[in-house]
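Right, one structure below, let's go through it.
Residue numbers (my numbering): 10 to 243.
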């Protein structure tokens, strides 16, 4: 957001805080208390940043390692049979004419990879697509039938709603068994609404925004799905 817009809004906010300071002093005649109120009003839109940084550090140090309960079946080449995902959106269709997209999955999947398009910007939103890794073809399908699936659980509120947790599971669909899970942490919360929408400080900044932690699934995949892979052919 341009500083030409943000700066006047911040000046108005500081002026409002000063008015509150004067009102407090008028009724209490206590300068120290009035200054405390003034400082509290100024820093109130940013108070959630401190617990966010503490929580992020704590999760990174102690809670972000994925959990593996059991392993999938691997063939003689160390590959799993098939996999479906709902963690990220599919590439544009033009990508499927390129061998590289098939190689990116065939080094750890032997038969097929499939995915539901979850990008709301795509004309194929909601459709399910299967990549046949053996003959390098693709087709839209009615339902996902992979032996293993990566599933996203609904978001959960973290401590006092300061952050949200998204758990990601790898499931054996034949036995309806969870093989392992990881989590992503997102620090977008209702506490930042005034700061982001009113003060217009919602741009990506090391001062006004704490980045989420999205590395959970990558570690889980490395531990679980590619456990038996001997060589990556990319």
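Idealized CB from N, CA, C, for every residue including glycine.
Keep in mind that this is a model prediction, so the values were computed, not measured.
Coarse secondary structure for residue i, derived from DSSP in three states
i	result
residue 158	strand
residue 178	strand
residue 148	strand
residue 153	coil
residue 142	coil
residue 46	helix
residue 77	strand
residue 165	strand
residue 10	The predicted position of residue 10 is uncertain, since its pLDDT is 46 and thus under 50; a value taken from the coordinates is nonetheless stated next. Residue state, collapsed to three classes: coil.
residue 39	coil
residue 236	coil
residue 137	strand
For residue i, the first and last residue of its enclosing alpha helix (DSSP H)
i	result
residue 61	58–67
residue 123	Where residue 123 is concerned, there is no enclosing alpha helix (DSSP H), although the beta strand (DSSP E) it sits in stretches over 118–125.
Proximity winner among the options, relative to residue i (alpha-carbon distances)
i	options	result
residue 192	161, 151, 62	161
residue 197	24, 17, 168	168
residue 107	226, 145, 194, 135	145
residue 204	53, 24, 232	53
Any C-beta of chain D under 8 angstroms from that of residue i
i	result
residue 142	Of the protein chains in the structure, only one exists, and it is not chain D.
Exposure label - residue i; buried when at least 16 CB within 10 Å
i	result
residue 27	exposed
residue 93	buried
residue 48	exposed
residue 151	exposed
residue 158	buried
N-terminal and C-terminal residue of the beta strand (DSSP E) that residue i is part of
i	result
residue 92	89–94
residue 230	Taken as a continuous stretch (DSSP letters only), residue 230 belongs to no beta strand (DSSP E), being part of the alpha helix (DSSP H) at 225–233.
residue 7	Residue numbering for the chain in the displayed model covers 10 to 243; residue 7 lies beyond these limits and cannot be assessed.
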